[in-house]
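Our numbering numbers the first residue of the sequence shown as 15 and each following residue consecutively.
By construction, the Cβ of each residue, glycine as well, lies at the ideal position given by its N, Cα and C atoms.
Worksheet: the structure to be examined is printed underneath.
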Amino acid sequence: MSYYVYMLKSKNKKSVTYVGYTKDLQNRIKLHNTGKGAKFTRGRKWKLIYKEKHETKSKAISREYYIKKNRLIRNILKKKVK
């Protein structure tokens, strides 16, 4: 079973990012955009800007935590999209 670490960027003017992990990436993004995802993501529309695949849940959780806590990496990933 594969897990994905992903980063979303809000579609509104103020650029906000969200990092998470999941087994089903397409369904998870759909949940975020319909207001049924994480509480932080409700009320915004999101687009996928980054994803990476991991073989185990523990590796995905570790990587998610690392990206969430590292502002420099988040900003680099955000700028690559522009």
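Collapsing the DSSP output to three states places S24 in a strand. Note that the C-beta distance between R77 and V33 is not below 7 Å. Checking the DSSP bridge columns, you'll see E66 partnered with V19.
Here the alpha carbon of I63 sits roughly 16 Å from the alpha carbon of L45.
With respect to the 7 Å criterion, N47 and K59 are classified as neighbours on the basis of their beta carbons.
Under DSSP, V33 forms a beta bridge with M21. In the DSSP secondary-structure assignment, K94 is not bridged to any residue.
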